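Below: the structure, in structure tokens.
2 protein chains.
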Amino acid sequence: MSFPVVGVVGAGQLARMMAGPAIELGITLRVLARDPAESAAQVVPLDPSTDIGSEDDLEALRRFAKHCDVITFDHEQVPTAHLRTLEAEGVLVRPGPDALEHAQDKLHMRRRLSALGVPCPRWAEVSTVDALGAFGAEVGWPVVLKTPRGGYDGKGVRLVAGAAEGEDWLARGRPLLAEERVGFTRELAALVARSPHGQAAAWPVVETVQVDGVCREVYAPAPIAEDHATSAQQVALRIADGLGVTGVLAVEMFDTPSGVLVNELAMRPHNSGHWTMEGSRTSQFEQHLRAVLDLPLGDPSMTAPYVAMANVLGGDIAEMYSGYRHCFAHDPGVRIHMYGKDVRPGRKVGHATALGDDAEDVRARARHAAAFLRGDIDG
Amino acid sequence: MSFPVVGVVGAGQLARMMAGPAIELGITLRVLARDPAESAAQVVPLDPSTDIGSEDDLEALRRFAKHCDVITFDHEQVPTAHLRTLEAEGVLVRPGPDALEHAQDKLHMRRRLSALGVPCPRWAEVSTVDALGAFGAEVGWPVVLKTPRGGYDGKGVRLVAGAAEGEDWLARGRPLLAEERVGFTRELAALVARSPHGQAAAWPVVETVQVDGVCREVYAPAPIAEDHATSAQQVALRIADGLGVTGVLAVEMFDTPSGVLVNELAMRPHNSGHWTMEGSRTSQFEQHLRAVLDLPLGDPSMTAPYVAMANVLGGDIAEMYSGYRHCFAHDPGVRIHMYGKDVRPGRKVGHATALGDDAEDVRARARHAAAFLRGDIDG
Numbered sequence: 000m001s002f003p004v005v006g007v008v009g010a011g012q013l014a015r016m017m018a019g020p021a022i023e024l025g026i027t028l029r030v031l032a033r034d035p036a037e038s039a040a041q042v043v044p045l046d047p048s049t050d051i052g053s054e055d056d057l058e059a060l061r062r063f064a065k066h067c068d069v070i071t072f073d074h075e076q077v078p079t080a081h082l083r084t085l086e087a088e089g090v091l092v093r094p095g096p097d098a099l100e101h102a103q104d105k106l107h108m109r110r111r112l113s114a115l116g117v118p119c120p121r122w123a124e125v126s127t128v129d130a131l132g133a134f135g136a137e138v139g140w141p142v143v144l145k146t147p148r149g150g151y152d153g154k155g156v157r158l159v160a161g162a163a164e165g166e167d168w169l170a171r172g173r174p175l176l177a178e179e180r181v182g183f184t185r186e187l188a189a190l191v192a193r194s195p196h197g198q199a200a201a202w203p204v205v206e207t208v209q210v211d212g213v214c215r216e217v218y219a220p221a222p223i224a225e226d227h228a229t230s231a232q233q234v235a236l237r238i239a240d241g242l243g244v245t246g247v248l249a250v251e252m253f254d255t256p257s258g259v260l261v262n263e264l265a266m267r268p269h270n271s272g273h274w275t276m277e278g279s280r281t282s283q284f285e286q287h288l289r290a291v292l293d294l295p296l297g298d299p300s301m302t303a304p305y306v307a308m309a310n311v312l313g314g315d316i317a318e319m320y321s322g323y324r325h326c327f328a329h330d331p332g333v334r335i336h337m338y339g340k341d342v343r344p345g346r347k348v349g350h351a352t353a354l355g356d357d358a359e360d361v362r363a364r365a366r367h368a369a370a371f372l373r374g375d376i377d378g
Numbered sequence: 000m001s002f003p004v005v006g007v008v009g010a011g012q013l014a015r016m017m018a019g020p021a022i023e024l025g026i027t028l029r030v031l032a033r034d035p036a037e038s039a040a041q042v043v044p045l046d047p048s049t050d051i052g053s054e055d056d057l058e059a060l061r062r063f064a065k066h067c068d069v070i071t072f073d074h075e076q077v078p079t080a081h082l083r084t085l086e087a088e089g090v091l092v093r094p095g096p097d098a099l100e101h102a103q104d105k106l107h108m109r110r111r112l113s114a115l116g117v118p119c120p121r122w123a124e125v126s127t128v129d130a131l132g133a134f135g136a137e138v139g140w141p142v143v144l145k146t147p148r149g150g151y152d153g154k155g156v157r158l159v160a161g162a163a164e165g166e167d168w169l170a171r172g173r174p175l176l177a178e179e180r181v182g183f184t185r186e187l188a189a190l191v192a193r194s195p196h197g198q199a200a201a202w203p204v205v206e207t208v209q210v211d212g213v214c215r216e217v218y219a220p221a222p223i224a225e226d227h228a229t230s231a232q233q234v235a236l237r238i239a240d241g242l243g244v245t246g247v248l249a250v251e252m253f254d255t256p257s258g259v260l261v262n263e264l265a266m267r268p269h270n271s272g273h274w275t276m277e278g279s280r281t282s283q284f285e286q287h288l289r290a291v292l293d294l295p296l297g298d299p300s301m302t303a304p305y306v307a308m309a310n311v312l313g314g315d316i317a318e319m320y321s322g323y324r325h326c327f328a329h330d331p332g333v334r335i336h337m338y339g340k341d342v343r344p345g346r347k348v349g350h351a352t353a354l355g356d357d358a359e360d361v362r363a364r365a366r367h368a369a370a371f372l373r374g375d376i377d378g
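Chains as they are written, first to last, in numbering that gives the first Met the number 0: chain A, 0 to 378; chain B, 0 to 378.
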């Protein structure tokens, strides 16, 4: 048994952050990039004859897969039909298309989670203004309207105060997902990993702070009652098992006075798990590699009582390296990760993590570094 | 100020382990490799027109340095004259040749450390059998005889029971370093980092366990009295400052009842610091990058009360990946690092690290993983 080659479809920051753990494990990481300037493509040796191409192009996927022992993903936007073809041709695809579809299609996800008895917000598939109106009348306005496919970071999601407001999206002729607007106390994420042979490991449940649909900060562990945290982990493990997930599964949830409700799924390392790079004995990136290779999973326990992560969003400063001097002098313990991406307003270009014994202190430290790097604070 | 390019001369495992931290900091790491199959060259994007060449070849160094903002080292075996030429041509070389020479030439090192008042074993420069005999008569036999240049992992070092035994090496016509054989209680390493602007940071002093001149295990912190640990750190910091070191400096020492004595120096990340990858908030590889870039240094404190590292030496098993299943199932907390090197008997091909609350337990865990991977234990 020789050291395997893991191929990642997509070359964003998630693939990039798998590179370090792959190097240490002696595993070869390859990425399928649309462009050699992409985040992960900058840092991984690239064979232009096989590693440049689109995930929409079956031939490109085939060429890429030929020199990989297993295929996994930087994002879920890969045509399921292509993945089924690759599988039929003998390629190991992890997570497999049957599982992945639940992270691609929110209607599919809601149907399946409801069938599994997983607590979800009330929801309906709506194709007409009348159906949307009836759903709103039942659960109360405003209603959350989602396109089943292609949404991320707040895109493909909107609040509608009445059925007429959904008319434009409905006019596209594809069914939408309507969900009740949940009165939550906070948003949570439960991150787990599962291997093909069924082993699973759960990190502590975290609180995620979203602004305009974009994750800004993550706090580990979430400041919630133990029974809510346990039930959030159980829900995530039940989903991982029920859907046959391989690799990391992130379950975004609403915490409500009566319990947790599942919001979204991601089947790959996730922004809510970046804190694990220093905050857990096994990072989500290493764990994902171990899971897709069917290696025994690593210890997900924390390396400090409290960990906070703040995303670095594009702001006024184009060259963030200039902020390192201040950030590191100000706080020798802060951890900065940069993704090699051009700065654009609001774009996730990096993150900062702080660890320590005081929940408020680590939040303030991570927040300060992220704000300074993007140019919100004068040194 | 844009994200810099750090060029590492040499492409062994030390350069390889800088790759992960460089990726996360958004810093571009380049390596000058003799061969694209070398440890670090496997994992870093390589430009064959500039990144393949020998450190003995000034033109190769020039070509390589041209697309780097700063040059540093995987090993010290780079001609000082070449580095002085590069410096004169405006290349930033860190550590600089004046400092590096002390890690290249053990006679030079002994002279300088003695001048700095650093505690060393008694030593003499010997060019003749008579001089060796006189030194042995003074300090007692056996005497440790060293070639000033080129030794590592026990090579270029031998014990001689009398002057006649040194005749063959002396016949080469180059002066040798003779040292008293120190009756030590254990071997220590004090690892520090120093930046060009003079900031320094010290990791906890570790115990190193050597077998036949090769490091086998490292225990952090060293189980020694606090005053010995403090004085070992002070000695290392004094050397870093006195020699104007930039980057990581590893000072190998003997612990004796009457205090610590300096054995060897290395001016780069060092085997005695591999435990810092998970065992310290800032690893030696990230710290070295921060130091050579003159960024403020990171927190060197430990992430667990006890950390042990065991080197994986080449043994009976050529394909060590087969051992991952057992090692990770046996111990979800063990950390394995592999260097992508072909297995040869006794060659360092990887290491295993364990962290925890019990000193004996972490040693046993790291030792078990390393022994299993090389084939010393049946599953």
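Think of the CB as a built atom: it goes at the ideal place given N, C-alpha and C, for glycine as much as any other residue. These numbers come from a predicted model, not from an experiment.
Simplified DSSP state of residue i, which is helix, strand or coil
i: K105 (chain A); result: helix
i: A39 (chain A); result: coil
i: F134 (chain B); result: helix
i: T27 (chain B); result: strand
i: L115 (chain A); result: coil
i: Y338 (chain B); result: coil
i: A224 (chain A); result: coil
i: K145 (chain A); result: strand
i: R157 (chain B); result: strand
i: G367 (chain A); result: Note on identity: in this sequence residue 367 (chain A) is His, with Gly being the wrong assignment. DSSP places H367 (chain A) in helix when its eight states are reduced to three.
Proximity of residue i and residue j at Cβ, strictly below 9 Å
i: T146 (chain A); j: L175 (chain A); result: yes
i: S38 (chain A); j: G374 (chain A); result: no
i: D298 (chain A); j: A200 (chain A); result: yes
i: A64 (chain A); j: G11 (chain A); result: no
i: H101 (chain B); j: R267 (chain B); result: no
i: E277 (chain B); j: R111 (chain A); result: no
i: V234 (chain B); j: A192 (chain B); result: no
i: N262 (chain B); j: P120 (chain B); result: yes
i: G25 (chain A); j: H329 (chain B); result: no
i: T245 (chain B); j: A290 (chain B); result: yes
i: P20 (chain B); j: P44 (chain A); result: no
Residue i versus residue j: straight-line alpha-carbon distance, rounded
i: Y218 (chain A); j: G322 (chain B); result: 36 Å
i: V8 (chain B); j: D211 (chain A); result: 47 Å
i: G313 (chain B); j: G345 (chain B); result: 5 Å
i: P220 (chain A); j: R324 (chain A); result: 29 Å
i: Y305 (chain B); j: V333 (chain B); result: 13 Å
i: V342 (chain A); j: C326 (chain B); result: 42 Å
i: P203 (chain A); j: A249 (chain A); result: 12 Å
i: E359 (chain A); j: H227 (chain A); result: 21 Å
i: D356 (chain A); j: T302 (chain B); result: 12 Å
i: A363 (chain B); j: P78 (chain A); result: 48 Å
i: G241 (chain A); j: L372 (chain A); result: 41 Å
i: G182 (chain B); j: T255 (chain B); result: 7 Å
i: H287 (chain A); j: A114 (chain B); result: 53 Å
i: P96 (chain B); j: E58 (chain B); result: 17 Å
Per-residue burial, residue i [other beta carbons within 10 Å of its own, 16 or more giving buried]
i: E318 (chain A); result: exposed
i: T184 (chain A); result: exposed
i: G109 (chain B); result: Correcting the residue type first, residue 109 (chain B) is Arg in the shown sequence and not Gly. Result: buried.
i: R93 (chain A); result: buried
i: E416 (chain A); result: With chain A running from 0 to 378 in the structure shown, residue 416 (chain A) is simply not present.
i: T275 (chain A); result: buried
i: L260 (chain B); result: buried
i: G52 (chain B); result: buried
i: P222 (chain A); result: exposed
i: E88 (chain A); result: exposed
i: G197 (chain B); result: exposed
Contacts that residue i makes with chain B (C-beta to C-beta distance below 9 Å)
i: M108 (chain A); result: Those do not exist, as M108 (chain A) stays about 30 Å from chain B at its closest Cβ, beyond 9 Å.
Partner residues on chain B for residue i, Cβ-Cβ distance less than 8 Å
i: I376 (chain A); result: The contacting residues do not exist; I376 (chain A) stays about 17 Å from chain B at best.
Chain-ordered neighbours of residue i on chain A, where CB pairs are closer than 8 Å
i: L288 (chain B); result: None at all; the shortest Cβ gap to chain A is about 11 Å.
Proximal chain A residues relative to residue i, where beta-carbon distance stays under 7 Å
i: T302 (chain B); result: T302
Beta-carbon neighbours of residue i, restricted to chain A and to distances below 9 Å
i: Y218 (chain B); result: Within 9 Å Cβ-Cβ: nothing; Y218 (chain B) doesn't reach chain A, min ~19 Å.
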